[in-house]
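These notes are about the structure you will find just below.
There are 2 protein chains.
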Amino acid sequence: MARATEKPTSAKRDHLVDTALELFTEGGYHAVGIDTVLARAGVAKMTLYNHFASKEDLIVAALDRMAGQSALGLEKALAAAGDDPKAKLMAMFDSMETWFRSKEFRGCIYIKAAGEYPKKKDKPHQAALAFKQARLELLRELCRKMGVKDADTLAWQIAMQMEGAIVVAFMHARPEAAQDAKAAAATLIAAARRT
Amino acid sequence: MARATEKPTSAKRDHLVDTALELFTEGGYHAVGIDTVLARAGVAKMTLYNHFASKEDLIVAALDRMAGQSALGLEKALAAAGDDPKAKLMAMFDSMETWFRSKEFRGCIYIKAAGEYPKKKDKPHQAALAFKQARLELLRELCRKMGVKDADTLAWQIAMQMEGAIVVAFMHARPEAAQDAKAAAATLIAAARRT
DNA sequence: GCTGTTATAGACAGACCTGTCTACTACAGG
DNA sequence: CCTGTAGTAGACAGGTCTGTCTATAACAGC
Chain A
0 MARATEKPTS
10 AKRDHLVDTA
20 LELFTEGGYH
30 AVGIDTVLAR
40 AGVAKMTLYN
50 HFASKEDLIV
60 AALDRMAGQS
70 ALGLEKALAA
80 AGDDPKAKLM
90 AMFDSMETWF
100 RSKEFRGCIY
110 IKAAGEYPKK
120 KDKPHQAALA
130 FKQARLELLR
140 ELCRKMGVKD
150 ADTLAWQIAM
160 QMEGAIVVAF
170 MHARPEAAQD
180 AKAAAATLIA
190 AARRT
Chain B
0 MARATEKPTS
10 AKRDHLVDTA
20 LELFTEGGYH
30 AVGIDTVLAR
40 AGVAKMTLYN
50 HFASKEDLIV
60 AALDRMAGQS
70 ALGLEKALAA
80 AGDDPKAKLM
90 AMFDSMETWF
100 RSKEFRGCIY
110 IKAAGEYPKK
120 KDKPHQAALA
130 FKQARLELLR
140 ELCRKMGVKD
150 ADTLAWQIAM
160 QMEGAIVVAF
170 MHARPEAAQD
180 AKAAAATLIA
190 AARRT
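Going down the list, the sequences are from chains A and B. Sequential numbering of the first sequence, starting at 0, is according to numbering that gives the first Met the number 0. Sequential numbering of the second sequence, starting at 0, is according to numbering that gives the first Met the number 0.
Here it is, written out as structure tokens:
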């Protein structure tokens, strides 16, 4: 049983993934070497390769961890926003703003992952896409609940506004982007309802 | 005069920059090595280092070249759209769609550059930001010409819709994003005019 | 024809990369 | 006590990376 590329959880493994997420977020995936992660985590190289088959697998684990954390945070924010689907959507933009204003904000790790691993078959690319698809599904559902005519299109438009807000907030160092995007989303929703 | 890090143009230099742009766009900045670019361009290493001080400088030159090409293409598209500022904006989304549908489309090289060189002091990061700022200025001007009340906010919102469209078109392989974004922009403009 | 410029090929240094391997330690459960 | 598991340090292989250097060729303008 010593040959199982994908071992179950463990404290060391967890810490490794956390450290990897932190460093890759700060410095990028190719730019940060495995040795850097190991040194920061205080973990031996063989421990890494007992838990993961390759660096790419570690990256995927880091992306998945972030996905879990995000989903959890979002769930809370949505629950706190009550039952109205539009209120939930607006709350999403407020969550984004606090994220933009946090000092660890460094843009979207999924967009970056897709950028650094541009081929569809690359594992980090797939993991990034999976996250974005899940988010889109959530948007679609909320739009459907609002009962607008073309919920699908509206969902894409709001998704684009969100992606754009992240890009703008990161590149222009402009956290206010969240509020502008929120207002835009409200306008789009109102227009979709009027149809 | 043999010590001038920044030499003027030359056929070799041009070809080098073109090749670099091509390869970095396809594979990413860290993932593609200088030797790969040199081999593809059929140029000696010393020729590169006679024209550029470092790989980062070559990247900046590639980003600038793309900026020039984009500006040229955009200028044509805007001129063809007539005098109406809204028509010009709409034309921008149409241009985006043909870009999205081109087989070389690989997302935005500036977003990727900012992602791979996350520190503000990194030269590629600065070059990428400069491009985005120029684009934003163009949007601002068009919005002002439309005479809406809050032209600045509208410009940011349209900019976000555009960035989002690029991200979505790339990650989800969805060129239709351009039309959804165009419709969203039209809605935002109409709402801003109603104010 | 001579001179200065531009480019060439290719070796090279020195760093860094991922991934493997070995030999050793710590420790928990039966 | 003994055995299996998880982890450790560190050496190592084999590549790849950027950037430098040398010696040589092609060719322009005077």
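For each residue, glycine too, the CB sits at the ideal point set by N, CA and C. Predicted model only: the values in this text are computed from it and were never measured.
Under a CB-based cut-off of 9 Å, is residue i close to chain B?
| i | result |
| --- | --- |
| residue 147(A) | no |
| residue 155(A) | yes |
| residue 190(A) | yes |
| residue 62(A) | no |
| residue 77(A) | no |
| residue 4(A) | Residue confidence for residue 4(A) is low, a pLDDT of 39 falling below 50, so the modelled location carries little weight; the figure read from the coordinates is stated next. No, residue 4(A) lies away from the interface with chain B (no Cβ there is under 9 Å from its Cβ). |
Name the chain A residues that come within less than 9 Å of residue i, Cβ to Cβ?
| i | result |
| --- | --- |
| residue 169(B) | 110, 113, 114 and 117 |
| residue 19(B) | Per Cβ cutoff of 9 Å: no residues; residue 19(B) is ~16 Å from chain A at best. |
Relative to the alpha-carbon of residue i, which residue among the options has its alpha-carbon at the smallest distance?
| i | options | result |
| --- | --- | --- |
| residue 14(B) | 53(B), 27(B) and 60(B) | 60(B) |
| residue 152(A) | 138(A), 162(A) and 164(A) | 138(A) |
| residue 96(A) | 12(A), 166(A), 10(A) and 193(A) | 166(A) |
| residue 55(B) | 183(B), 31(B) and 78(B) | 31(B) |
| residue 180(A) | 12(A), 24(A), 16(A) and 88(A) | 88(A) |
| residue 52(A) | 116(A), 38(A), 18(A) and 12(A) | 12(A) |
| residue 176(B) | 184(A), 157(A), 143(A) and 129(A) | 157(A) |
| residue 115(A) | 27(B), 101(B) and 98(B) | 27(B) |
| residue 121(A) | 71(A), 41(A) and 58(A) | 58(A) |
| residue 132(B) | 144(B), 66(B), 81(B) and 43(B) | 66(B) |
| residue 47(A) | 24(A), 9(A) and 191(A) | 9(A) |
| residue 100(B) | 16(B), 172(B), 190(B) and 160(B) | 172(B) |
| residue 41(B) | 29(B), 24(B), 19(B) and 74(B) | 19(B) |
| residue 110(A) | 174(A), 130(A), 81(A) and 93(A) | 130(A) |
| residue 148(B) | 174(B), 189(B), 159(B) and 128(B) | 189(B) |
| residue 145(B) | 194(B), 103(B) and 126(B) | 194(B) |
Give the residues of chain A in contact with residue i, contact being defined as C-beta atoms less than 7 Å apart.
| i | result |
| --- | --- |
| residue 187(B) | 183 and 186 |
Residues of chain B with CB under 8 Å from residue i, in chain order?
| i | result |
| --- | --- |
| residue 152(A) | 179 and 182 |
| residue 128(A) | 170 and 171 |
| residue 30(A) | 29 and 115 |
Under a CB-based cut-off of 9 Å, is residue i close to chain A?
| i | result |
| --- | --- |
| residue 47(B) | no |
| residue 86(B) | no |
| residue 26(B) | yes |
| residue 176(B) | yes |
| residue 137(B) | no |
| residue 1(B) | Confidence at residue 1(B) is low in this model, with a pLDDT of 32, below 50, so the placement of that residue is unreliable and no value is reported for it. |
Measuring from the CB of residue i, is there a heavy atom of the ligand MG at a distance below 8 Å?
| i | result |
| --- | --- |
| residue 56(A) | This structure simply doesn't include the ligand MG, nor any ligand for that matter. |
Please check the pair residue i and residue j, which I expect to be a contact at CB under 8 Å, by giving their CB distance rounded to whole angstroms.
| i | j | result |
| --- | --- | --- |
| residue 162(A) | residue 163(B) | 4 Å |
| residue 135(B) | residue 113(B) | Contact flag wrong, Cβ pair sits at about 14 Å. |
| residue 62(B) | residue 108(B) | 7 Å |
| residue 187(B) | residue 186(A) | 6 Å |
| residue 106(B) | residue 23(B) | Going by Cβ atoms, the distance from residue 106(B) to residue 23(B) rounds to 12 Å, so no, they are not a contact pair. |
| residue 86(A) | residue 80(A) | 5 Å |
What does residue i touch in chain B if you count any residue whose Cβ is under 7 Å from its own?
| i | result |
| --- | --- |
| residue 14(A) | Result: empty, since nearest Cβ-Cβ is about 23 Å, beyond 7 Å. |
Taking C-beta pairs closer than 8 Å, name the residues in chain A that residue i reaches, listed in chain order.
| i | result |
| --- | --- |
| residue 158(B) | 163 and 167 |
For residue i, return the contacting residues in chain B, with the cut-off set at a CB-CB distance below 9 Å.
| i | result |
| --- | --- |
| residue 195(A) | With chain A represented from 0 up to 194, any question about residue 195(A) goes unanswered, as that position is not in the structure. |
ask   = Using Cβ-Cβ distances below 7 Å, what residues of the stretch 90–117 of chain B are close to chain A?
value = 105, 106, 110, 111, 113, 114, 115 and 117
inquiry  = Against chain A, which members of the stretch 32–57 of chain B pass a CB distance test of less than 8 Å?
reply    = none
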